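Under my numbering, read the sequence shown as residues 6 to 338, first letter to last. Worksheet for the structure shown next.
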Amino acid sequence: MIAMDKQAEAIEGSACAKVILCGEHAVVYGRPAIALPLPMLRARARIEPSHYAFTIFAPDVGAVVSAWRHTRRTRDPLARAALAALDLIGQKPPRATLIVTSDIPVGANLGSGAAVSVAIGRAIAAYFGYPLSAEEASQLAYEVEEIHHGSPSGIDNTVIAHERPVWFVRGRPPELLDSAIGDTLPLVIADTGITTPTRIPVGDVRAAWEREPERMERCFDAIAALVRSSREALERGDLEGLGRAMDANHALLQQLDVSCPELDALCAAARAAGALGAKMSGGGRGGNMIALARDAAHAVALCAALREAGAKRVICRARTVTTGDQPLPDLQI
Ligand code: MEV
């Protein structure tokens, strides 16, 4: 998304967060996965003309990057996203300031890194009047994702750049699913508060796959079967079937050793409060889990149960509950 502030001649690009509904980790090994955008949590990049050479400020993480000093292959993620965008559109670093802010918690498996890259790409493209496509935004974010964790599947940058639910298989064009899937699912997303860079569990799964390829491939196949049945359940509107697949997917992720006691405890609390299914989401070893409610009213009850069980932050589809004293009836689900 692009916004223009005519008075200040500033241009803002933004990008959403994401959750993986099912299929994480196995997707790195060619199996399908489904991801959903979270439009209410966003990263933003605002670019405005300046008298000085191109500089990026990211006050949330205390970063000031003299982007003009970096080369195209820099490993600084902010400079890399900006230089990749400039390269794509055939422009030199402008005399401008780029300010990056984000509501998306870092290291929480909600796609913060990819969202920042897409927001930067959009702001720079709009500044030069270049119509950046979702595919181009996705590609430049993928380039930055590679710095973060070696061989990402590409699912995060894809769902974030398209801001649509996706059926994703590595190396194939993404299948964009009906937006209503993300809009109507009564999903609750709860944060353990533990931050873990995705490259750690992804690297551990890689090491286990090198040690025990047959066992790991069997696990990935079992996850792929659950992803297919999740899609069928979504298409039938069968929330109970989807919930069962989520529970089974979580058990397989435990076998891959990418869950942790805090994620398991939140999943157990959600199930005890009547969730149809619950699982960790994304890289794991911390970050967020997702729970499927029966309906909107039940999602509100699940939010309360997950906070009671120690979740540091609970997102109820369209609104973020950051404190226990926020009045629950205000939630828009
Ligand atoms: C991260 O959101 C999803 C993982 O499957 C990694 C990847 O697909 O690159 C864990």
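Note that the Cβ used here is the ideal one computed from N, Cα and C, for glycine as well. The structure presented is a predicted model; accordingly, all values stated were derived computationally and were not measured.
Rounded straight-line distance, which links the Cα of residue j to that of residue i
{"i": "isoleucine 52", "j": "phenylalanine 225", "result": "43 Å"}
{"i": "arginine 276", "j": "aspartate 81", "result": "41 Å"}
{"i": "isoleucine 5", "j": "arginine 216", "result": "Because the chain is modelled from 6 through 338, residue 5 falls outside the range shown and cannot be assessed."}
{"i": "proline 98", "j": "alanine 195", "result": "40 Å"}
{"i": "leucine 231", "j": "glycine 28", "result": "8 Å"}
{"i": "alanine 298", "j": "arginine 312", "result": "15 Å"}
{"i": "glycine 246", "j": "serine 235", "result": "7 Å"}
{"i": "alanine 120", "j": "proline 202", "result": "15 Å"}
{"i": "proline 64", "j": "arginine 177", "result": "37 Å"}
{"i": "glycine 287", "j": "alanine 38", "result": "11 Å"}
{"i": "alanine 278", "j": "valine 111", "result": "28 Å"}
{"i": "methionine 251", "j": "alanine 212", "result": "25 Å"}
{"i": "valine 263", "j": "serine 117", "result": "19 Å"}
{"i": "glutamine 331", "j": "tryptophan 214", "result": "At glutamine 331 the pLDDT is 45, less than 50, meaning the model places this residue with poor confidence; the figure from the coordinates comes in the next sentence. Cα to Cα, glutamine 331 sits roughly 44 Å from tryptophan 214."}
{"i": "alanine 22", "j": "valine 193", "result": "14 Å"}
{"i": "glycine 315", "j": "leucine 271", "result": "8 Å"}
{"i": "isoleucine 320", "j": "cysteine 308", "result": "8 Å"}
{"i": "tyrosine 135", "j": "glutamate 267", "result": "45 Å"}
{"i": "glycine 18", "j": "alanine 274", "result": "38 Å"}
{"i": "valine 174", "j": "cysteine 265", "result": "26 Å"}
{"i": "proline 363", "j": "glycine 291", "result": "Outside the modelled stretch of the chain, which goes from 6 to 338, sits residue 363, for which no answer is possible."}
{"i": "proline 218", "j": "phenylalanine 62", "result": "44 Å"}
{"i": "tryptophan 73", "j": "arginine 85", "result": "11 Å"}
{"i": "isoleucine 16", "j": "alanine 40", "result": "29 Å"}
{"i": "tyrosine 147", "j": "glutamate 14", "result": "29 Å"}
{"i": "leucine 103", "j": "serine 122", "result": "12 Å"}
{"i": "arginine 78", "j": "alanine 90", "result": "12 Å"}
{"i": "alanine 68", "j": "arginine 223", "result": "43 Å"}
{"i": "leucine 43", "j": "phenylalanine 133", "result": "28 Å"}
{"i": "proline 170", "j": "arginine 233", "result": "15 Å"}
{"i": "valine 66", "j": "serine 107", "result": "10 Å"}
{"i": "aspartate 188", "j": "isoleucine 205", "result": "31 Å"}
{"i": "isoleucine 185", "j": "isoleucine 94", "result": "Contrary to the premise, residue 185 reads as alanine rather than isoleucine in this sequence. So the two alpha carbons sit approximately 33 Å from each other."}
{"i": "threonine 200", "j": "tryptophan 172", "result": "26 Å"}
{"i": "methionine 294", "j": "glycine 282", "result": "11 Å"}
{"i": "aspartate 335", "j": "lysine 317", "result": "With a pLDDT of 33 at aspartate 335, under the threshold of 50, the modelled position of that residue is not reliable, and the figure given next carries that caveat. Roughly 19 Å between the two C-alpha positions."}
{"i": "lysine 11", "j": "leucine 137", "result": "Because the pLDDT of lysine 11 is 47, which lies under 50, any placement of that residue in the model is unreliable, and the number read from its coordinates should be weighed accordingly. Using only the alpha carbons, I get a separation of about 20 Å."}
{"i": "valine 5", "j": "histidine 303", "result": "In the structure displayed, the chain extends from 6 to 338; residue 5 sits before or after that span and is not available."}
CA nearest to the CA of residue i, picked from the options
{"i": "alanine 296", "options": "Val305, Arg290, Gly288", "result": "Val305"}
{"i": "glutamate 151", "options": "Val207, Glu245, Ala277", "result": "Val207"}
{"i": "asparagine 162", "options": "Ala101, Gln144, Pro98, Ala90", "result": "Gln144"}
{"i": "methionine 285", "options": "His255, Ala142, Ala278, Leu192", "result": "His255"}
{"i": "phenylalanine 59", "options": "Thr76, Asp65, Phe173", "result": "Thr76"}
{"i": "methionine 221", "options": "Leu258, Gly282, Arg85", "result": "Leu258"}
{"i": "tyrosine 57", "options": "Asp183, Val111, Leu83, Ala101", "result": "Ala101"}
{"i": "aspartate 209", "options": "Val33, Lys23, Val70", "result": "Val33"}
{"i": "glutamine 96", "options": "Thr79, Gly18, Ala301, Ala131", "result": "Ala131"}
{"i": "isoleucine 228", "options": "Glu14, Ser19, Arg36", "result": "Arg36"}
{"i": "glycine 248", "options": "Gly134, Asp300, Leu137, Ala89", "result": "Asp300"}
{"i": "methionine 45", "options": "Leu182, Ile109, Val149, His154", "result": "Ile109"}
{"i": "leucine 181", "options": "Thr189, Leu190, Ile160", "result": "Ile160"}
{"i": "histidine 154", "options": "Ala87, Asn114, Val66", "result": "Asn114"}
{"i": "alanine 124", "options": "Ala48, Arg223, Gly187, Asp188", "result": "Ala48"}
{"i": "alanine 87", "options": "Val66, Pro54, Gly126, Glu237", "result": "Gly126"}
{"i": "alanine 31", "options": "Gly289, Ala310, Ala302", "result": "Gly289"}
{"i": "valine 149", "options": "Pro179, Val105, Ala280, Leu83", "result": "Leu83"}
{"i": "alanine 280", "options": "Pro191, Lys317, Gly198", "result": "Pro191"}
{"i": "threonine 197", "options": "Asp269, Glu237, Ile129", "result": "Asp269"}
In DSSP terms, what residue i is bridged to
{"i": "lysine 284", "result": "Ile295"}
{"i": "phenylalanine 173", "result": "Ala38"}
{"i": "cysteine 27", "result": "Ile39"}
{"i": "arginine 223", "result": "Answer by DSSP bridge pairing: none, since arginine 223 is not bridged."}
{"i": "phenylalanine 62", "result": "Val69, Ile104"}
{"i": "serine 122", "result": "DSSP, once it has assigned bridges, lists no residue as partnering serine 122."}
{"i": "alanine 20", "result": "Ala48"}
{"i": "glutamate 53", "result": "Thr102"}
Worksheet entry | Any alpha helix (DSSP H) of 4 or more consecutive residues that is wholly inside the stretch 131-196 | Fully enclosed alpha helix (DSSP H) runs of 4 or longer: 139-154, 160-167, 184-189.
Worksheet item: Three or more beta-carbon pairs under 8 Å between the stretch 259-271 and the stretch 235-242, yes or no?
Response: no
Discussion item. Taking 8 Å as the cut-off, does the stretch 126-145 touch the stretch 158-172 (at least 3 CB pairs, one atom from each stretch)?
Written reply: yes
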